[in-house]
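This report refers to the structure that appears directly beneath it.
In this note's numbering, the protein residues as written are 2 to 537.
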């Protein structure tokens, strides 16, 4: 090190490496320049300059029959979307760009764009994730998983029934926690089952297939369960947030409104997944092959090892139950007002989420004196990347409307005016589900596509939700590749599944998902969302 060389006395007589090169300085300089040039001319740096260059090109050469702000908005979208797709800089960093791009380009003031980054949807995310961290801290999810698996295990073991129990457990947890958090928390439960079985080189074909089925169940039941509720995945929040931004005069989509549509859709897809996994990975004779390794005694032993439920666990479950009840009863139907009417409907789902989260910082955990269920240090793992992405998506949706770019998009999509709706929904769902395979973030994919679906629907003179909901949900069908979504990576990293397993299950599962969306949106969706009352 330089510091070490500088401490040596010149009179000491020791020959040390000189601080500056004394031989062939020119050649050394060339080497440094070559290295420096190589480090600059990288694909990543090309992606970095691609965004500003696209924006500059659009602002200088693309002419729109609309106000000048629409041209600038298109340039901003090109900049932000190119960085999102290429991941030139980290996704949350890109998500902060509208905060300075909008004022600089004259699209919106700094105050107005900042408001998009903190609204009721964002607070809903914050509160629900604080609760998820509490569930993780006190290991509530593991106790729940063991109890449900014990219930479904059968005696002797029934592999199909055990997989159904695992599906149901993961599905339920994913309804309330984010997909990535669910996958990370539930994968140890799945690998715990797999570890009871022989090593891979000693496994029979039936045992090997069951191992793969267990891991695949975590991978696929996680995003399926997330469809059920608003808090299950960021995509659902993006859909309702975009709807609120693009059509502010419309009635907001509440927690229970989404649940009445999302839950039946998710249950149907889960049942189809269970049939697919049993057909492909539970051959005849599996029960006999597994009976020597899996039984109720093993599961009971794991459950007993957790000990009796502590006060803190009971309180977290109680708070969790309170949150669900308050969400479901805030506004029941148009004819049956919920408790929200007592406050003149000024309270939103985000208000409830934050209120219940605050309780976690008040209720003691009874482990140490003065210690509460949660401390702010526990909140360091809050998903600020998702929060910033949601804010950026809402800001862009507002900018598209206020800049006049929405009118340009509507005119460009006039050719879809006479397209049959029943043909468009499957096509839109298929396209969205394929694009999401190649963009690692489902949330980023939804942010890119949902506003476009809104304008396509307006052009076709159908209610925007009839395309926004199925198209948005389809971005969660990243079932083919291990890199398509972080929850896929969690499963693939165990080493128990291969890409061929994901394709074998993912291809038919994607088809099933598209069919379910195409059938339920025009039927159940029109009733739940009231889309038959207004065709927009």
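Beta carbons are placed, not taken as given, at the ideal position from N, Cα and C, and that holds for glycine. All figures in this text were calculated on a predicted structure; none of them were measured in a lab.
With a cutoff of 8 Å on beta-carbon distance, residue 99 and residue 396 are scored as near each other. Rounded to whole angstroms, the gap between the alpha carbons of residue 284 and residue 512 is 23 Å. For residue 151, the closest of 181, 302 and 228 by C-alpha to C-alpha distance is 302. Secondary structure remark: continuous alpha helix (DSSP H) runs of at least 4 residues inside the region 266-336, in chain order: 287-291, 297-306 and 312-330. Restricting attention to 372, 65 and 493, the CA atom closest to the CA of residue 362 is found in 372. Residue environment: residue 399 is assigned as buried (16 or more neighbouring CB atoms within 10 Å of its CB, all protein chains considered). Our two residues, residue 101 and residue 389, have alpha carbons roughly 14 Å apart in a direct line. Take the alpha-carbon of residue 383 and the one of residue 127: they are about 7 Å apart. Linking residue 47 to residue 89 through their CA atoms gives a straight-line distance of about 8 Å. About 17 Å separates the CB atoms of residue 225 and residue 444; that is not less than 8 Å, and the two are not in contact. Excluding its 5 nearest sequence neighbours in each direction, residue 292 has C-beta neighbours in its own chain below 7 Å: 157 and 158, listed in chain order. Between the alpha carbons of residue 480 and residue 324 lies a gap of roughly 31 Å.
In this structure, residue 124 and residue 351 form a Cβ contact; the two beta carbons are roughly 3 Å apart against a cut-off of 8 Å. Residue environment for residue 72: buried (at least 16 other C-beta atoms within 10 angstroms of its C-beta). Residue 530 sits buried, since 16 or more C-beta atoms from the chains shown fall within 10 Å of its C-beta.
Beta-carbon to beta-carbon, residue 183 and residue 223 are separated by about 5 Å, close enough to satisfy the 8 Å threshold. Nearest to residue 153 by C-alpha distance, out of 467, 160 and 166, is 166.
Residue 338 is bridged by DSSP to 332. Under the 10 Å beta carbon count, residue 385 is surrounded by fewer than 16 other beta carbons and is classified as exposed. For residue 209, the enclosing alpha helix (DSSP H) starts and ends at 206-227.
Burial state of residue 322 is exposed, judged by a 10 Å Cβ sphere holding fewer than 16 other Cβ atoms. In this structure, the CA atom of residue 106 is about 39 Å from the CA atom of residue 132. Taking a C-beta distance under 8 Å as the contact criterion, residue 305 and residue 139 do not qualify as a contact pair.
Distances from the alpha-carbon of residue 497 to those of 174, 63, 136 and 204 put 204 closest. Collapsing the DSSP output to three states places residue 64 in coil.
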